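Student:
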Amino acid sequence: MPYAMEALVSVLVLLVVVGWGMFVRARRQLVLSLRDRAERAEVEAEFQVTRARRLERERIAREMHDVLAHRLSLLSVHAGALEYRPDMPPRDVARAAEVIRSGAHQALQDLREVIGVLRLGSGDPEDGGGSATAGEAVSDRPDRPQPTLATLEDLVEESRLAGTEVEFDLRVGDPSGVPAGLGRNAYRIVQEGLTNARKHAADAPVELAVAGGPGEGLTVEVVNPVTGGRSVPGSGTGLIGLTERAELMGGRLEYGPAPDGRFRLGAWLPWPE
Numbered sequence: 050m051p052y053a054m055e056a057l058v059s060v061l062v063l064l065v066v067v068g069w070g071m072f073v074r075a076r077r078q079l080v081l082s083l084r085d086r087a088e089r090a091e092v093e094a095e096f097q098v099t100r101a102r103r104l105e106r107e108r109i110a111r112e113m114h115d116v117l118a119h120r121l122s123l124l125s126v127h128a129g130a131l132e133y134r135p136d137m138p139p140r141d142v143a144r145a146a147e148v149i150r151s152g153a154h155q156a157l158q159d160l161r162e163v164i165g166v167l168r169l170g171s172g173d174p175e176d177g178g179g180s181a182t183a184g185e186a187v188s189d190r191p192d193r194p195q196p197t198l199a200t201l202e203d204l205v206e207e208s209r210l211a212g213t214e215v216e217f218d219l220r221v222g223d224p225s226g227v228p229a230g231l232g233r234n235a236y237r238i239v240q241e242g243l244t245n246a247r248k249h250a251a252d253a254p255v256e257l258a259v260a261g262g263p264g265e266g267l268t269v270e271v272v273n274p275v276t277g278g279r280s281v282p283g284s285g286t287g288l289i290g291l292t293e294r295a296e297l298m299g300g301r302l303e304y305g306p307a308p309d310g311r312f313r314l315g316a317w318l319p320w321p322e
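If you read the sequence shown in the working numbering, its first letter stands for residue 50, the second for the next number, and so on.
1) Compute the Euclidean distance between the alpha carbons of P263 and R220, then round it to the nearest angstrom.
2) Could you tell me the alpha carbon to alpha carbon distance between R301 and E216, rounded to whole angstroms?
3) To the nearest angstrom, report how far apart F312 and G222 are at their CA atoms.
4) Residues bridged to P306 by DSSP?
5) For the alpha helix (DSSP H) that contains V221, what are its first and last residues?
6) How is V215 classed by DSSP in three states: helix, strand or coil?
7) Which residue from G310, G129, E296 and V271 puts its Cα closest to that of E214?
8) Can you check which of these residues, G290, M50, Y52 and L257, is closest to E202 by C-alpha distance?
9) Name the DSSP beta bridge partners of N273, please?
10) Kindly indicate which residue of G287, G261 and P274 has the alpha-carbon position closest to the one of A110.
11) For R120, does the three-state DSSP call read helix, strand or coil?
12) Comparing alpha-carbon positions, which option in A229, W320, A295 and V92 lies nearest G261?
13) Look up W317 in the DSSP assignment and say whether it is helix, strand or coil.
14) Buried or exposed for R108, going by 16 or more other Cβ atoms inside 10 Å?
15) For A156 versus L121, is the C-beta spacing smaller than 8 Å?
16) Is S240 buried or exposed, if buried means 16 or more other CB atoms sit within 10 Å of its CB?
17) Could you check how far apart the C-beta atoms of I238 and L291 are, in whole angstroms? I think they sit under 8 Å.
18) Thinking just about the alpha-carbon of each residue, which of P139, S125 and L117 is nearest to the one in R161?
19) Report the option in L297, D309 and S125 whose CA atom is closest to the CA atom of T244.
20) In whole angstroms, give me the CA-to-CA distance for A253 and Q97.
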């Protein structure tokens with residue numbers, strides 16, 4: 050063949066070989082990329098399931114700490130009264146024993162519920178086997194009734210029956226109209242404040258103020274003297290959890306000594322208009 054034709058054929062053959070090689074290389078890279086993407090998606094899905102389970106268990110742990118700490122502090126107060134006042138009138142002894150029995154029963158009921166949720170979420174073989182995601186665990190088992198701002202008066206009355214002098218100032222138009230999430234978080238903050246007051250200042254009066262409205266937010270303040278109560282294991286954990294709870298709502302929580310020497314727990318939570 051003429052030199053020009055031979056050069057042209059050589060160039061065409063070279064282009065075909067290089068093009069085919071580039072096509073094969075691109076196809077292999079695409080297959081590897083898709084395989085890597087599928088593996089990463091599977092790992093990400095497992096991570097999301099694990100994270101969802103962890104977050105749900107942390108939420109349950111916070112709720113159980115709030116509830117059990119409150120109930121056990123009531124039991125401690127009444128048990129202490131029976132221990133240090135053996136000469137109490139029979140009527141007072143019977144009332145304290147009834148509070149202890151009722152509180153213990155409610156605490157055990159709360160424990161049964163949370164253990165059931167945790168076992169369901171972990172896919173315990175004794176519960177039917179198989180693994181379940183945290184979302185399935187939550188959806189398959191309804192939550193127990195949650196407290197609201199409208200039930201705050203019952204909480205205060207329970208503390209008064211335990212012997213704590215509580216001065217309660219509620220300045221909210223209609224407590225039943227407060228959003229459920231806002232009311233539940235405010236209730237937990239008040240509950241932790243009253244529990245801490247019983248732990249560290251059992252005989253001191255407590256000032257409780259809750260005020261606010263749509264657009265201005267809800268303010269919660271619990272103030273009590275510090276009398277140096279008995280040390281309780283895990284003290285301070287509840288306040289850390291409450292701080293996280295308030296920040297997740299977009300609010301803030303502060304606690305510590307007030308200028309007058311008393312201990313103050315204050316929180317502000319957003320209340321949409």
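Note that the Cβ used here is the ideal one computed from N, Cα and C, for glycine as well. Bear in mind the structure is a predicted one, so any value in this text is a computation, not a measurement.
Tutor: To lay it out plainly:
1) The alpha-carbon of P263 is positioned some 12 Å away from that of R220.
2) Their backbone Cα atoms lie some 23 Å apart in a straight line.
3) Spanning the two alpha carbons is a distance of roughly 28 Å.
4) The partner list for P306 (beta bridge, DSSP) reads F312.
5) Under the DSSP assignment, V221 falls outside any alpha helix (DSSP H); it carries neither an H nor an E label.
6) The answer is strand: DSSP assigns V215 an E or B state.
7) Closest option to E214, Cα to Cα, is V271.
8) Nearest option by C-alpha distance: L257.
9) Answer by DSSP bridge pairing, in chain order: F312.
10) The shortest C-alpha separation from A110 is found at G287.
11) Secondary structure at R120: helix, using DSSP grouped into helix, strand and coil.
12) Of the candidates A229, W320, A295 and V92, the one whose C-alpha sits nearest the C-alpha of G261 is W320.
13) Three-state DSSP puts W317 in a strand.
14) Label assigned to R108: exposed.
15) Going by C-beta atoms, A156 is nearer than 8 Å to L121.
16) Sequence check: residue 240 is Gln here, not Ser. With 16 or more other Cβ atoms from the protein chains shown falling within 10 Å of its own Cβ, Q240 counts as buried.
17) Going by Cβ atoms, the distance from I238 to L291 rounds to 6 Å, so yes, they are a contact pair.
18) For R161, the nearest C-alpha among the options comes from L117.
19) The shortest C-alpha separation from T244 is found at S125.
20) Just so you know, the alpha carbons of A253 and Q97 end up roughly 47 Å apart.
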